[in-house]
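> One structure coming up, written as structure tokens, with questions to follow.
Numbering (our numbering), first residue to last: 94 to 297.
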């Protein structure tokens, strides 16, 4: 009889490795535009802010704007009267972090018909860029207009348009119009070019 040798089963110590946690950036507040019934912009603003407070979701919706301006009318007797009007009829601006919950709260606020920049009923909207929202914030005094007087004679980098990635020297700054004139080297000549504040960045 042939006796088979029994091999002892080898035990392998398996190390349980903890999966590395993925580092994700914290969500940031962005500005969005919601469409409203015409003439109900301020009502929508107040209603939405009340809902935010009652639901305790300030960490998701931080601000709602219905930009207005004062203008003057001359009456039949020659006297001027001041009145207010909405700068963006049919829209409110909402600073928020888009989640399923915050999106649902806004969409279900009375007299809001949807988001601008949303391609469908169930799709999330596209946030405004700084170039789009900053003029609104400047107009309302929420954000101070940048002052670039210190850049006179210095070089900046153009970041948009046909001259993108080129460096140019600043010669004139128009803070009111938010424009600067830079000197660009083109075809061996120095040419003055007017660009917007949003079209360049400072060179550190």
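Note that CB positions come from ideal geometry on N, CA and C, so glycine has one too.
Using DSSP's beta-bridge definition, name the partner residues of residue 128.
184, 207
> Nearest by alpha-carbon distance to residue 206: which of 120, 127, 221 is it?
127
> Looking at the secondary structure, which residues open and close the beta strand (DSSP E) in which residue 167 lies?
Run containing residue 167: 161-167, per the beta strand (DSSP E) assignment.
> Strictly by DSSP, which residues pair up with residue 236?
According to DSSP, residue 236 bridges with nothing at all.
> So the alpha helix (DSSP H) residue 134 belongs to, where does it begin and stop?
134-148
> Beta strand (DSSP E) containing residue 289: first to last residue?
Here the beta strand (DSSP E) through residue 289 covers 282-289.
> Between the C-alpha atoms of residue 164 and residue 258, what's the straight-line distance to the nearest angstrom?
42 Å
> State yes or no: is the C-beta of residue 202 within less than 8 Å of the C-beta of residue 140?
yes
> Could you work out which residue in 149, 159, 144 is closest to residue 125 when comparing CA atoms only?
Comparing Cα positions, the closest option is 159.
> On a CA-only basis, which of 245, 198, 290 is nearest residue 217? Give me that one, please.
198
> Indicate the three-state DSSP secondary structure (helix, strand or coil) for residue 222 in the structure shown.
coil
> Quickly, what does DSSP pair residue 175 with across the bridge? List them, please.
According to DSSP, which records beta bridges pairwise, residue 175 is partnered with 165.
> Compare the Cα-Cα distances from residue 290 to each of 297, 233, 223, 277 and report the closest residue.
223
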